[in-house]
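Visitor: Handing you a structure now.
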Amino acid sequence: MAIEKVLIANNTSIIQDEVLAHRLGLIPIEVDPRLFEYMSENDVPNEKNTIVFKLHARCTKGSDRLRVLSSELKWLPNGSELILGTEHSASSSSAKPKTYTSFSCSQDTRPEFSNEPIAPKDADIIVAKLGPGQEIELEAHAVKGMGKTHAKWSPVATAWYRMLPEVVLLRDIEDDEAEALVKKCPVKVFDIEDIGKGKKRATVARPRVCTLCRECIREEGWDKNVALRRVNDHFIFTIESTGALPPEVLFTEAVKILEEKCERVITELS
Ligand code: SF4
């Protein structure tokens, strides 16, 4: 979920409306998007496809500059509070005025949100800075989307992989040499084991943390003691989440999507 529409009621700050809207769009929201539906062009914003936040910040005259943080985005579980422009003049006084959303029930009645109100993942992201007398008042509507449409919908911050390193000792490295080898490695891949009679031997204790920096074979002759390789059919994936979902969930969801794509290709080919 990411902020897609921003309705600006007032903005007297120096940051332009479109820049402000863009900044808001990039704020990660802590909510499981699987609980919401995609909104197509003809859909009306409702409690199943839209999350509404409001932000109202004012820097009073005579005070210091004010930093407007993401924590100022307050969730509106009942939907938009802004009255549609045409409604001001058209609606009768008794009818409930139409707003920019059509929520049939409050989102906080859903069990998933009753104890966990929806909010930005991080409360300290700077949205804008206000000078004395400046004010921002807006409503932000977040919807479900895909990372291929815009990066703001990608729940993954960074993802990369590397091959599993393989560190092999080509001969027994003992005593002072073993101590020297342990000291060479900045990430403590090697350890020392006691082999009795006061003798020590180097072992490869943590090959997985090896960064293949080659420090252990840089000195002349050490390439005959240690071999550094990569296991070419073992990949270590690292996934950083923006915060909406934990990385392990992102991985399993990504695998499901990959499965679906593979099935589609197989169906089309068969
Ligand atoms: S390549 Fe670098 S990280 Fe890997 S074992 Fe050698 S010194 Fe340690």
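Numbering-wise, the sequence shown is residues 942 to 1211 according to the numbering used here. Note that beta-carbon positions come from the ideal geometry of N, C-alpha and C, so glycine has one too. No experiment lies behind these values; they were computed from the predicted model shown.
So, for Ser1055: in the same chain, excluding its five sequence neighbours on each side, which residues have a beta-carbon less than 8 Å away from its beta-carbon?
Guide: Taking the first residue of the sequence shown as 1, we reach residue 1055 at position 114. If we look at Ser1055 and ignore the five residues flanking it on each side, its Cβ neighbours are Asp1049.
Visitor: In chain order, what residues of the same chain lie with their CB nearer than 8 Å to the CB of Ile1177, ignoring the 5 residues before and after it?
Guide: Against the sequence shown, residue 1177 aligns to sequence position 236. Excluding residues within five positions, the ones whose Cβ falls inside 8 Å are Tyr1102, Arg1103, Met1104, Leu1105, Arg1149.
Visitor: Let me have the residue list for the ligand SF4: C-beta closer than 6 Å to any non-hydrogen atom, ordered along the chain.
Guide: Any residue whose Cβ sits closer than 6 Å to a heavy atom of the ligand SF4 makes the list: Val1108, Lys1125, Cys1126, Val1128, Val1130, Cys1151, Thr1152, Leu1153, Cys1154, Arg1155, Glu1156, Cys1157, Leu1169.
Visitor: If you draw a straight line from the alpha carbon of Arg1155 to that of Leu1169, how long is it in whole angstroms?
Guide: Working through the sequence shown from its first residue, we reach residue 1155 at position 214. Working through the sequence shown from its first residue, we reach residue 1169 at position 228. Approximately 8 Å, taken between the alpha carbons.
Visitor: Under the rule that 16 or more other beta-carbon atoms within 10 Å means buried, what is Gly1026, buried or exposed?
Guide: Counting from one through the sequence shown, the residue named residue 1026 turns up at place 85. Classification of Gly1026: exposed, given that the 10 Å Cβ count is below 16.
Visitor: Between the Cα of His963 and the Cα atoms of Val947, Pro974, Glu1120, which residue gives the shortest distance?
Guide: Taking the first residue of the sequence shown as position 1, residue 963 is located at position 22. Considering only alpha carbons, the answer is Val947.
Visitor: Judging by CA-CA distance, which residue of Pro974, Glu1134, Arg1171 is the nearest neighbour of Gly1088?
Guide: Sequence index remark: in the sequence shown, residue 1088 carries index 147 (1-based). Closest option to Gly1088, Cα to Cα, is Pro974.
Visitor: Buried or exposed: Gln957, going by 16 or more other Cβ atoms within 10 Å of its Cβ?
Guide: Here residue 957 is taken as the residue at index 16 of the sequence shown, counted from 1. Counting Cβ neighbours within 10 Å, Gln957 comes out exposed, since fewer than 16 surround it.
Visitor: Closest to Ser1011 by C-alpha separation, out of Cys1046, Thr953, Leu976, Ile944, would be which residue?
Guide: Mapped onto the sequence shown, residue 1011 falls at position 70. Among Cys1046, Thr953, Leu976, Ile944, the Cα nearest to that of Ser1011 belongs to Ile944.
Visitor: Give me the residue from Asn983, Arg1205, Ser1021, Ala998 with the minimum Cα distance to Ile1067.
Guide: As a working note, residue 1067 is residue 126 in the sequence shown. If we check each option's Cα against that of Ile1067, Ala998 comes out closest.
Visitor: Between Trp1094, Arg1008, Lys1085, Thr953, which has its C-alpha nearest Tyr979's C-alpha?
Guide: Taking the first residue of the sequence shown as 1, we reach residue 979 at position 38. It is Lys1085 whose Cα lies nearest to the Cα of Tyr979.
Visitor: What does the alpha-carbon distance come out to for the pair Asn951 and Val960?
Guide: As a first step, residue 951 must be located in the sequence shown, where it is residue number 10. As a first step, residue 960 must be located in the sequence shown, where it is residue number 19. Taking the straight line from one Cα to the other gives about 14 Å.
Visitor: Find out if the Cβ-Cβ distance for the pair Leu1019, Ser1047 is shorter than 9 Å.
Guide: Taking the sequence shown and counting its residues from 1, one reaches residue 1019 at position 78. Taking the sequence shown and counting its residues from 1, one reaches residue 1047 at position 106. Residue 1019 is actually Asn in this sequence, not Leu. Yes, these two residues count as a Cβ contact at 9 Å.
Visitor: Return the chain-ordered list of same chain residues with a C-beta closer than 8 Å to the C-beta of Cys1217, the five sequence neighbours on each side being excluded.
Guide: Nothing can be reported for residue 1217: it is not among the residues displayed for the chain, which extend from 942 to 1211.
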